[in-house]
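Reading through the structure tokens given below for one structure.
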Amino acid sequence: MSITEILFWFLSVLAVGGAMLLVASKNPVHSILYLIITFFAVSGHYILLNAQFLAIVNIIVYAGAIMVLFLFVVMLMNLNADSEPPQKNRLLLYSGTIAGCCLLLVLVAALKQSSTTSQLVEMGGGDAGLIKNLGMALFSDYVFPFEISSVLFLSAMIGAVVISKKEA
Amino acid sequence: MFGGVFIKNKAMCKYLAILGLLIVILVNCMELYSGESLFAIDTNNMLSFNSFNLVFITVAMVCTLIFFLLSGSDIEKVGANVSEYFALIFFVLCGVCLAATFNTLLILFIGIEIISIPLYILTGSDKRNLKSNEAALKYFLMGAFSTGIMLMGIAFLYGGNPEGSFYISSLNAGQGKMPVMIAIGLVFMLIAMSFKVSAVPFHFWTPDVYDGAPAVFTSFMATIVKIGGFIAFIRLFENSFGSVQPQWQLLIAIITAATLFIGNLTAVFQQSVKRMLAYSSIAQAGFMLLSIFALNEAAKEGLILYAAAYSLATIGLFAILIKMEDYTIEGFNGLGKKQPVLAVTATVFLLSLTGIPLTAGFQSKFYMLMAAVRDGHHQWLVIFAVLCAAISAYYYFKIIQAMFFKEVSLNTTSNNLLLASAETTSTFRGLLIFIAILIIVLGLFPWLLTDWLHYQ
Amino acid sequence: MLGNFITLPHLLIFFPLIAGVIAFFIKSDSGVRGWSVLASLLTLAVSLSTLIYKDNLELNGLAYNYEWLKYMGASFSVSLDGLGRVLTFLTAFSFPVILIATYRNVYPRSNVFYGLMLLSQAGLMGVFLATDALLFYFFWELALIPVYFLCSRWGGERRIAATFKFFIYTFTASLLMLVGIIYVYLHTAGTPFSDHSFSIQAFHTASLTPTQQSWLFWLFFVAFAVKMPVFPFHTWQPDTYEQSPTAVTMVLSGIMVKMGVFGLIRWVLPIFPAAVLQFENVVIGLSVVGMIYASLIAIRQDDLKRLVAYSSIAHIGLISAAVFTRQQVALEGVMIQMFSHGVNIIGLWIVIDVIEKKLGVRKISQLNGIAHRAPVLTIILVIIALANIALPLTNAFVGEFMMFTGLFKFNGWYAAFAGLSIILAAVYTLGMIQKIFYGETNELTAEMSDISFNQKLVLGLLVLAIFFAGIYPQPFFEITKDSVAAIVTRFK
Amino acid sequence: MPVYYYIFLSATLFTIGVIGVLVRRSAIIVFMCIELMLNAANLLLVAFSKMHSQAIGATHPTAATDAQIFVFFSMVVAAAEVSVGLAIIVLMYRNVHSVDVNFLNRLKN
Amino acid sequence: MNNILHIAWLIPFLPLVGFLVNGLGRNQLSKSISGIIGSGTILASFLLSVYVFLSVKDGNTHVAHYFDFINTGALKIGFDFQVDQLSSLFLLIITGVGFLIHVYSTSYMHDETPNNFAKYFAYLNLFVFSMLLLVLGGNYVIMFIGWEGVGLCSYLLIGFWFKNDNYNSAAKKAFVMNRIGDLGFLLAVFWLITKLGTTDYHTVFQNVSQLTSFDITCITLLLFVGATGKSAQIPLYTWLPDAMAGPTPVSALIHAATMVTAGIYMIARSNILFTMAPTTQTVIAIIGLATAILAATIALKQNDIKKVLAYSTVSQLGYMFLGLGVGAYTGAVFHVMTHAFFKALLFLGAGSVIHALHGEQDMRKMGGLKKYMSITHITFLLGCIAIAGIPPFSGFFSKDEILAAAFSSNPVLWVIGVLGAVMTAFYMFRLYTMTFLGNFRGTDEQQHHLHESPGAITFPLIILAVLAVIGGLIGIPEVFMHGGHRLEAFLEPIFRESKKIQGTHHLSHSTEYFLMAASVVGASIAIIFAWKNYKDYRYSTEENTGIARVLENKWYVDEIYSSVIVQPVRALGGFFTNVVERGIIDGIVNGVGRAVNYGSRQIRLLQSGQVGTYVLLMVFGILILFVIQLFL
């Protein structure tokens, strides 16, 4: 087992475990922390896949900014383990879990038959993920979506303001 | 490219908004007529402009214009942030334009998000109303969920595409059996798009959100946004998966049937007209889905026509509904006497929604049915659609009955007061008549609209 | 020159249409009455002038074609062939009769009422004239909508539910027909501008396999069967007739049921010959059963309107059976019977309306001895009722005789079984006459007065029509001969 | 290392996200689960990007960068969504003092 | 020759004019004018008929085509009249007897208001018009027009006094019974059209050989069904006695002299068809005879003077059918003629009596009228003798001819026939005795007003009495006088073809004498018996028992019909109305609506308002879609 494989398994376990704990944890603050763990694991995967820039962005934006925002809101609302009563509807709980698992099962079963999935992903090497390349693409080919995403942000901004503003 | 125009248009009042729209429509029409772009912006082929898209955008904009004209003053009543609401609506419109012209999945993704995010806010804009809050949160959670699904679908499509590209034309899945990854991606996309156009079983947000949102925004959501979803839907599936249509047609057929069935059936029992219209919009979506089911020339012409007919009628109906203030069917009792113009135009709208000849609604349903019949597969769906259309007559006509054949019930004394509040300006009435005439003209001469597709 | 643009079919359709729209804006009650009567009389004049033409359609300006939806192959094409002439004449004839007979009925918002009436006339005209499937469907629905509003607005106690049932019923059925139309359309040859065509000629030559025909047949048939109505699609009818204002009931039963028959003759027989051969026994069987069934029910009715409604079902049953015999004789009989049935049943409704207006009831059991008080009414009703049961020298005899002849040629047993309805018709009709008109007067009928001048006028006119068609029906056959022959030859 | 390892990994993460949406009642947690779903998809995109750059990188040089830029934009979208979403949640909390989604049932039928 | 055709249309047309004038002008015309118009038109027709009659003596047949009634290429039915010996004979009977009865009516109906009076004459004229149409028609369709027309007039006249609901019911019954027969007639016509493509007499009769024997049998049986309705044979005879509800002249004209003989006319007209269908002939003979006997037995116990005559009519019609059944067409037609004379006479006489007694019809309340009404009495007696078959009165010749033919066909028929004749003699003289002999049993009031009827009434009686006495002389049997049967010679062209097929089988003279003697003796005994029994009849309210009671109640046939046919039909109607219509058909239609509503209410609950549920359902949807897409 090469080092990349070890890394892969380690990060995968970390990610899945974090995700599971996120769902299972009672305390929202803990959930957020588990999610951050997962994000870090995912960023690790990005590095493994030569997407260094994305890995950085992921950590900065997601784990950094967004999760802090979450944490901030949770703190603001003073949520804790008791704020969310346990799921009373057992049926919903079980059927939800089962349905989710089935979905996974179906996807896996379908992909098993496929041939494309056996293509290899070589670890390391390649320079697609470098900021230089991405930057070139972003500001030449992708300048239009980039502009458009400003509309998106603008609307999100206006929206957040409109929503949060106290009615006069 | 139109986005740019909108951004500059931080409309501070309704008139500015209308003016801006008029300019854009003009530009659009000129472009459509001449067949070449006036502002050539290099989008790296991420947008495509052809007659279909442009006609569609024109339709959407004209509808928005009419929406502004009719309901502009009602937007002002919703809350203090009038200018923001107008801006948000323009953003949505920008998203609709993107959804109508996208050429890569990236633009589709961004476009759909630009449509969605302002809508979450508009839904919750009546901040003190718990229903509005609730609707916003529900819409948001489920919308975000569908975003996740869509992203997953895009990932699979990308992975399955041997060219590793996001351009929808390059996704062309060939003639044979689809690779599994493409198939999975397709189903994910199908689900995400179904969610946006509120097809069963991904429609659950629709009634609650339409009901909870301020009526004036519901009107917008139910019409322009919905048809925006459809244009994205049909473009994606036509360009990407058109060649393997038989492999996914059954899925669409099932979704269509379920949509028609649930939408129509549930609408029957609704007491609130607003909620009834929400369900009816699901039902109408079922009919529009037939175009995606058939995916031929008639389907595209029909979708344009349907978009126009459905939007015009629904906008008009909502405009009247907003004036009513009592949203139950009983609230319409005796409207025919009190406000004959409102009642008559509402009747035209309802007839159009039902699909009675002489109205655009008939022509559009006719095109849809023809598209589906021409396709030749799953013909049971056509019969089923027709039977559902008959059910739809049931609930649409309940309103007509209430307006014309029922007296104002005396035991609910408040009714009289509420009807009295339905005071309307003559401009408003004139506009309603204009829409009604438009619907009838389109019903008589649908080629006024569909022939635009044959230019270029 | 003008003839190229304004043809007789145009006049027949657009004249009532425009008159109807104008009627909406006439605020004065008497003004709108006068206007609509005048308009309908003018339409009648136009229609009369069409009768003198022979079947050379284009030359005489009896046909018109305008490419309406060019790229779809749908056109605004209308033509006055034999079938169309008879039925448009029926329509044109009935409306003034109806309007004059009910001239004194008071309607709130009469401008809307008369406007809608004229609109429905336009729709009916369109149905009978259209030679384009899409146009036909257009008018088919258009004729329904005004009637729906008329019934729901000015009808009886339970009008909303009853007419709603009627509406949903017919709407569903016609939507099925729409699917059928589309399907046939997609199997037609094209025009220079389109891949396919909606014109009736194209439909005639549509390439349909027998299997396709067999299910298309049902899509069309159900729509027409509901309209006629054929057993067991009839349940909307008695309720609707009972609840509608009488003027509308006359339109419904006098003319609108003919739409179904007309549809069968024009659209089903020639387009699906194989399916007709396949299902003729089913349809005729249903029709014949329906005749007996409706007649038996009519015997037990106590409400005048319902009695006439069921008797109409029985009569229409014979017509629909006759249509499917594919015999020249029977089809000619159908043509004249459509006219006769219209005249007779309108006459019956007028009389019932008079009774109801004067006495406020239409329960047979509550009426007695009207003949003492209203002899003219009685005589006219007896004549019309006897015409309704096809007494010789009245109009219905000719039609029924020919239809029965055709039915007998088709299969003697059907004719024999259907013939029982002749007896049953006599039973319920005479029973009705006996109970209402004969015997002593009771306190309700003692104060009854005879009919007014306008009613005498129209009823007299109807009686004249009854005898004319009964004694000298040959002109009708001259008009319809060619059209019917064209249909019959499709089966040879 | 075969790509389906990554596919299964992200499918698993995605499914966990879905299950989370299904079983949790706190709007915040539900929202976080949705974020997890988005991340799973992002991870998949990156994995495919790598796969493509190896398989067809020579002929389609942009195949790999495209996906990474897509992920970039999806992060943009996620950020925008979070801002609006949290605003709505806060608004809701202000009104009903709860973030329990099951508490939201005024609109039904 | 062409002259005939030029005037033939006038014969029915004049009564039609009379009908129209009287009908439309009934409020303006005075009684005398209506009477004159009514009678005058018939008289004119009668004169024309005489002219026509004289013109066809040479044995020619004339067919006039006036206009196309129905002409569609496939089917051609002209409005044709056929003038030949048979129709001209009937023309004479109809217009002749009809005229007398019109004259009679001017007096009999004099108590009516002018309006009703004119209406009455209008109806009567219409009837004559229809009847003339019936006999003049050149094809079965025109005949059918008249056929239904007379039924209609019968209906109108029976219910003439429409205040009385029983009368109306009787009228309705008559019409419906007739309609049942008409259906048979119609079906026969359809059959003819289907097989031969025409209904013209001459074409049909010429092409009879193209028909299979099955066709002919069925056609003739169906025609006979028509005849049973119109001519009151089993099983459709019950309307005729009830039809006595109409004014008495109507009974005389329609329900005795003319309309009820339409069936005989029709069969005689189509004799060639019937001759070629021996099965049908047997059926006709048996039915005819059975009707004759059944009606005679019922007549034995009736107390209403008109009822007795009505049953006697049914019975006599039975004889005529017996004659047709055994191939004695001439005999049947002969009997039609003589019957028209004496039965019209009897009815009019009864009318005179009823008129004198102000509407009393119960014989038990009459008696001794001989003293008060001598002309009525004498003419009535002559009529009774004629019907009883005493030579040389007319009834003897015609009845005897039929019985002789029956004997040569089958002696059993003859035996039963004679039995019926004996009963006829009995009940007629019972009637005569009870009415005219003995003491008056009515009220003093009635007795006070008793008087002979006016001239307008007695004049027709006298004429008819003369005819009843001497009418038989045109058909003197061969045994008495060679060439004496002038009627047979006259009608020979009509029945020529049938004769050829039947062949001739002559009875020996001795047999014939024996047969005549037997029936005359039987009748005489019955007359004496009746005279003895009822000469001193006393009114009693004692109820009959046993067979007499059954007879008085007409074998309970009406009751049986009611419970076997009328009630079940009504019950079926009720079942359809309440169960099938409301329950099943409406139930299904409304059920669909209700199902939609119910479904709506249930499916609505899916929208629970819970985001969790929504998402769960969505995930289920996703799962299903995946499974379908990937694994199916």
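Chains as they are written, first to last, in numbering that gives the first Met the number 0: chain A, 0 to 167; chain B, 0 to 455; chain C, 0 to 491; chain D, 0 to 108; chain E, 0 to 631. Glycine included, every Cβ here is placed at the ideal spot set by N, Cα and C.
- prompt: For residue 448/C, is the classification buried or exposed, using 16 other Cβ atoms within 10 angstroms of its Cβ as the cut-off for buried?
  reply: The Cβ neighbour count for residue 448/C, taken over all protein chains shown within 10 Å, is under 16; the residue is labelled exposed.
message: Under DSSP, the alpha helix (DSSP H) around residue 472/E begins and ends at which residues?
response: Run containing residue 472/E: none; DSSP gives neither H nor E here.
- prompt: How about the segment 396-408 of chain E and the segment 350-363 of chain E: do they share at least three Cβ pairs that are nearer than 8 Å?
  reply: Judged by Cβ distances under 8 Å, the segment 396-408 of chain E makes no contact with the segment 350-363 of chain E, as fewer than three pairs qualify.
Within-7 Å CB hit, residue 89/D to chain E: With 7 Å as the cut-off, residue 89/D does not count as an interface residue toward chain E.
message: Output needed for residue 68/C: all residues of its chain with C-beta closer than 8 Å, excluding positions within five of it in sequence on either side, in chain order.
response: Hits under 8 Å: 74 and 133.
field: Span separating the alpha-carbon of residue 86/E from that of residue 129/E
entry: Roughly 14 Å between the two C-alpha positions.
- prompt: Between which two residues does the beta strand (DSSP E) containing residue 75/E stretch?
  reply: Residue 75/E -> beta strand (DSSP E) spans 75-82.
- prompt: Are the C-beta atoms of residue 608/E and some chain A residue less than 7 Å apart?
  reply: The beta carbon of residue 608/E sits no closer than 7 Å to any beta carbon of chain A.
field: alpha helix (DSSP H) segment containing residue 68/C, residue limits
entry: Element bounds for residue 68/C: not the alpha helix (DSSP H) but the beta strand (DSSP E), 62-68.
- prompt: Excluding sequence positions up to five away, which residues of its chain have a Cβ less than 7 Å from the Cβ of residue 263/B?
  reply: 282, 387, 390 and 391.
task: Examine chain D for any beta-carbon lying closer than 7 Å to the beta-carbon of residue 76/A, and answer yes or no.
output: Yes, residue 76/A lies at the interface with chain D (some Cβ there is under 7 Å from its Cβ).
message: Buried or exposed for residue 425/B, going by 16 or more other Cβ atoms inside 10 Å?
response: Exposed, since its Cβ has fewer than 16 Cβ neighbours within 10 Å.
query: Alpha carbon to alpha carbon, what distance is there between residue 271/C and residue 207/C?
result: So the two alpha carbons sit approximately 8 Å from each other.
query: Is residue 328/E near the ligand NAP, going by C-beta to nearest heavy atom under 6 Å?
result: This structure lacks the ligand NAP; in fact it carries no ligand of any kind.
task: Closer than 6 Å by C-beta to residue 500/E: which residues in its own chain qualify, once you throw out the five before and the five after it? Chain order, please.
output: Closer than 6 Å at the Cβ level, and outside the excluded window around residue 500/E, lie 274.
- request: Give the DSSP-derived three-state secondary structure of residue 5/E in the structure shown.
  value: The three-state reading of DSSP puts residue 5/E in helix, counting H, G and I together.
message: Taking CB distances under 7 Å as the criterion, tell me whether residue 624/E reaches chain A.
response: No Cβ of chain A is located within less than 7 Å of the beta carbon of residue 624/E.
task: Would you kindly work out how many angstroms separate the C-alpha atoms of residue 206/B and residue 73/D, rounded to a whole number?
output: Answer to the nearest angstrom: the Cα atoms are 29 Å apart.
task: Kindly list the residues whose CB is nearer than 8 Å to the CB of residue 351/C, restricted to its own chain and excluding five residues on each side of it in sequence; keep chain order.
output: The residues 245, 303, 304, 307 and 361, in chain order, have a CB closer than 8 Å to that of residue 351/C in the same chain once the five nearest residues on each side in sequence are set aside.
- request: Work out the CA separation of residue 110/A and residue 104/A for me, nearest whole Å.
  value: Between residue 104/A and residue 110/A, the C-alpha separation is close to 10 Å.
query: First and last residue of the beta strand (DSSP E) that includes residue 63/E?
result: It spans 61-70 - the beta strand (DSSP E) in which residue 63/E sits, taken as one unbroken run.
- request: Could you work out which residues of chain C lie near residue 283/B, taking near to mean beta carbons separated by less than 7 Å?
  value: Result: empty, since nearest Cβ-Cβ is about 15 Å, beyond 7 Å.
task: Answer yes or no: does any C-beta atom of chain D fall closer than 7 Å to that of residue 263/B?
output: Contacts with chain D at 7 Å (Cβ-Cβ) do not include residue 263/B.
Check whether residue 438/C and residue 214/E have beta carbons under 7 Å apart: Annotated as distal: residue 438/C and residue 214/E, with beta-carbon spacing of 7 Å or more.
field: Per-residue contacts from residue 177/B into chain A (C-beta, under 7 Å)
entry: Here the premise fails: no neighbours, minimum Cβ distance about 11 Å.
query: What distance in whole Å lies between the Cβ atoms of residue 191/C and residue 79/C, which are believed to be in contact at a cut-off of 8 Å?
result: That pair is no contact at about 26 Å.
- prompt: Anyone know if the C-beta pair for residue 313/C and residue 286/C falls short of 7 Å?
  reply: In this structure, residue 313/C keeps its C-beta atom at 7 Å or more from the C-beta atom of residue 286/C.
- prompt: Among 266/E, 366/E, 449/E and 345/E, which residue has its Cα nearest to the Cα of residue 328/E?
  reply: Closest by alpha carbon: 266/E.
query: Which term fits residue 75/A, buried or exposed, when burial requires 16 or more other beta carbons within 10 angstroms of its beta carbon?
result: With fewer than 16 other Cβ atoms within 10 Å, it is exposed.
- prompt: Are the beta-carbon atoms of residue 131/B and residue 211/B separated by less than 7 Å?
  reply: With respect to residue 211/B, residue 131/B sits close: the two C-beta atoms are nearer than 7 Å.
- prompt: What do you get for residue 485/E, buried or exposed, if any count of 16 or more other CB atoms within 10 angstroms of its CB means buried?
  reply: Per the 10 Å Cβ criterion, exposed.
message: Quick check: what's the CA-CA separation for residue 498/E versus residue 429/C?
response: Those two C-alpha atoms are separated by around 44 Å.
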